[in-house]
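Here's the structure, in structure tokens; my notes come after.
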Amino acid sequence: MPTITATATPSEICLNESSDLMVSSDITGTTFSWSNGLGTNPNVTVSPTTTTTYSVTGTTNEGCTGTAEVTVTVHPLPTITATATPVEICLGASAELTASSDITGTTFNWSNSLGVNPTVTVNPTTSTTYTVTGTTLEGCTGTAEVTVTVHPLPTITATATPVEICLGASAELTASSDITGTTFNWSDGLASNSTVTVSPTATTTYLVTGTTLEGCTGTAEVTVTVHPLPTITASAYPVEICLGESTELTASSDITGTTFEWGGSLGAGATKTISPTSTTTYTVTGTTAEGCTGTAEVTVTVHPLPTITASATPSEICLGEVQN
Numbered sequence: 000m001p002t003i004t005a006t007a008t009p010s011e012i013c014l015n016e017s018s019d020l021m022v023s024s025d026i027t028g029t030t031f032s033w034s035n036g037l038g039t040n041p042n043v044t045v046s047p048t049t050t051t052t053y054s055v056t057g058t059t060n061e062g063c064t065g066t067a068e069v070t071v072t073v074h075p076l077p078t079i080t081a082t083a084t085p086v087e088i089c090l091g092a093s094a095e096l097t098a099s100s101d102i103t104g105t106t107f108n109w110s111n112s113l114g115v116n117p118t119v120t121v122n123p124t125t126s127t128t129y130t131v132t133g134t135t136l137e138g139c140t141g142t143a144e145v146t147v148t149v150h151p152l153p154t155i156t157a158t159a160t161p162v163e164i165c166l167g168a169s170a171e172l173t174a175s176s177d178i179t180g181t182t183f184n185w186s187d188g189l190a191s192n193s194t195v196t197v198s199p200t201a202t203t204t205y206l207v208t209g210t211t212l213e214g215c216t217g218t219a220e221v222t223v224t225v226h227p228l229p230t231i232t233a234s235a236y237p238v239e240i241c242l243g244e245s246t247e248l249t250a251s252s253d254i255t256g257t258t259f260e261w262g263g264s265l266g267a268g269a270t271k272t273i274s275p276t277s278t279t280t281y282t283v284t285g286t287t288a289e290g291c292t293g294t295a296e297v298t299v300t301v302h303p304l305p306t307i308t309a310s311a312t313p314s315e316i317c318l319g320e321v322q323n
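Given below as structure tokens:
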């Protein structure tokens, strides 16, 4: 009787892999016949989908037979799952990637040099697809992919028109974004409109936050400079005159560089000499270098000249007489 020996290389495979079956005999000239319809070659390749035992029969030239069996063990492929939390992020934020398997003991290896932990943290700057490979204790592998979508941050621009105002005036603040659909929220309790009107009493910096439809935010600042109004003083010296006399009007301001313009036809200048014919009130407007204005008034009182009458009684006398 021939001694038949059957081997499988490798004897354990992962699903979808193959194994080479080999048979030998201690008697020269032995022919072989495999089960499972594998044929008569001493060497055959198999790709079983489950663990399978193969039988081979060897027959000598004299018709004597012997059999042998060999088992190919098939290990399942792991089903790998990859998730991202959150799956969408804003530029600069991070996401946590998690890999899992349906087979206990599976180890993991991430692409992009992320390492072998089942959970890793990523900070991509653009939308990125990550691949993770899971390997079972038997060396069988499966892969999964997960994509982290990265949304850009909006570039927010804030402007003020005008950027400099006088106390009591207003400015219009406008916010814009390079991303359509961005909404805006202003500091200082202002409305959430893209355009708001402000009337600050002192130089103020306003902050606006823009939020995209994906929840990504950007900020911008704009400063409105508030210039004070000048306090204008007008005086006349003397403040009371007789008809035909003149007086000097003088304007002054608490802000250096203020220019003055008098009402009527007096024109510009801090000092004016006038000769009114009746009591008159004069108005002067002071304008600072920033264009802020203030006014003041001064009244010059004009007193009339007296009308003098002289008489003599009698109007004619003789030489030597005395007139009473």
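Residue numbering for the sequence shown follows numbering that gives the first Met the number 0, beginning at 0 and increasing consecutively.
Beta carbons are placed, not taken as given, at the ideal position from N, Cα and C, and that holds for glycine.
The model shown is predicted, which means the values in this text are computed figures rather than measured ones.
Would you call I316 buried or exposed, if buried means 16 or more other Cβ atoms sit within 10 Å of its Cβ? I316 is exposed by the Cβ-count criterion.
Per DSSP, what kind of secondary structure is I145 in: helix, strand or coil? The sequence shown places Val at residue 145, not Ile. Three-state result, V145: strand.
Tell whether a beta-carbon distance below 8 angstroms holds between T64 and G104. No, the pair does not count as a contact, with Cβ atoms beyond the cut-off.
What does the Cβ neighbour count give for G263, buried or exposed, with the cut at 16 atoms within 10 Å? It counts as exposed.
Mark P237 as exposed unless 16 or more other C-beta atoms lie within 10 angstroms of its C-beta, in which case mark it buried. Around the beta carbon of P237, a 10 Å sphere encloses fewer than 16 other beta carbons of the protein chains shown; the residue is thus reported as exposed.
Looking at the strands, I want to know which residues DSSP matches up with G65. Beta-bridge annotation (DSSP): G65 is paired with G57.
A311 versus E320 - alpha carbon distance: Spanning the two alpha carbons is a distance of roughly 14 angstroms.
Unbroken stretches of the beta strand (DSSP E), 3 residues or longer, contained in the region 163-216: Entirely contained in the region 163-216, the beta strand (DSSP E) runs reaching 3 residues are, in chain order, 163-165, 170-176, 182-185, 194-197, 203-210.
Looking only at its chain, what residues have a beta carbon closer than 6 angstroms to the beta carbon of T84, apart from the 5 residues adjacent to it on each side? Excluding residues within five positions, the ones whose Cβ falls inside 6 angstroms are E95.
What's the call for I3, buried or exposed, on a 16-neighbour Cβ count within 10 Å? A buried status is given to I3, since no fewer than 16 other beta-carbon atoms sit within 10 Å of its beta-carbon.
Where T306 sits in the DSSP three-state scheme: Here T306 sits in coil by DSSP.
Hey, how far is the Cα of S10 from the Cα of V71? Distance between the alpha carbons of S10 and V71: 5 angstroms.
In this structure, does DSSP put E296 in helix, strand or coil? Here E296 carries a strand assignment [DSSP, helix/strand/coil].
Option in T48, T50, S24, T49 with minimal Cα separation from N42: Answer by Cα proximity: S24.
Going by other Cβ atoms of all chains shown within 10 Å of its Cβ, with 16 needed for buried, is G57 buried or exposed? Buried.
If we ignore side chains and look at the alpha-carbon of each, how far apart do L90 and S112 end up? For L90 and S112, the gap between their C-alpha atoms comes out near 21 angstroms.
Leaving out the 5 sequence neighbours to the left and right, which residues in its chain are closer than 8 angstroms to T294 when beta-carbon positions are compared? Non-local C-beta neighbours of T294 in its own chain, meaning closer than 8 angstroms and more than five positions away in sequence, comprise I231, T282, V283, T284, G285, ordered along the chain.
Kindly list the residues whose CB is nearer than 6 angstroms to the CB of H74, restricted to its own chain and excluding five residues on each side of it in sequence; keep chain order. Listed in chain order, the non-local C-beta contacts of H74 below 6 angstroms within the same chain comprise C13, E137, C139, local neighbours out to five positions each way being set aside.
Express the C-alpha separation of A174 and T194 in angstroms, rounding to a whole number. Going by the C-alpha atoms only, they are around 6 angstroms apart.
Contact under 8 angstroms by Cβ, S245 with T272: With respect to the 8 angstroms criterion, S245 and T272 are classified as neighbours on the basis of their beta carbons.
Could you pull the start and end residues of the beta strand (DSSP E) that S234 belongs to? It spans 231-236 - the beta strand (DSSP E) in which S234 sits, taken as one unbroken run.
With a cut-off of 8 angstroms, do at least 3 Cβ pairs link the region 155-162 to the region 121-135? Proximity of the region 155-162 to the region 121-135 falls short of the contact definition, fewer than three beta-carbon pairs being nearer than 8 angstroms.
Measure the alpha-carbon distance for G268 versus V225 and round it to whole angstroms. Each residue's CA atom was taken as its position, placing G268 and V225 some 26 angstroms apart.
Following the continuous beta strand (DSSP E) through V119, name the residue where it begins and the one where it ends. V119 -> beta strand (DSSP E) spans 118-121.
Using only alpha-carbon positions, find the residue among S32, T48, T208 that is nearest to S18. Among S32, T48, T208, the Cα nearest to that of S18 belongs to T48.
Below 6 angstroms CB to CB, which residues in the same chain sit around S99 once its five sequence neighbours on both sides are set aside? The residues are T80.
Below 8 angstroms between beta carbons: does that hold for E68 and A143? Cβ atoms of E68 and A143: not closer than 8 angstroms.
Given this structure, state the Cα-to-Cα distance separating T154 from T118, to the nearest angstrom. Cα-Cα distance, rounded: 33 angstroms.
Which of the three DSSP states, helix, strand or coil, is assigned to V115? DSSP places V115 in coil when its eight states are reduced to three.
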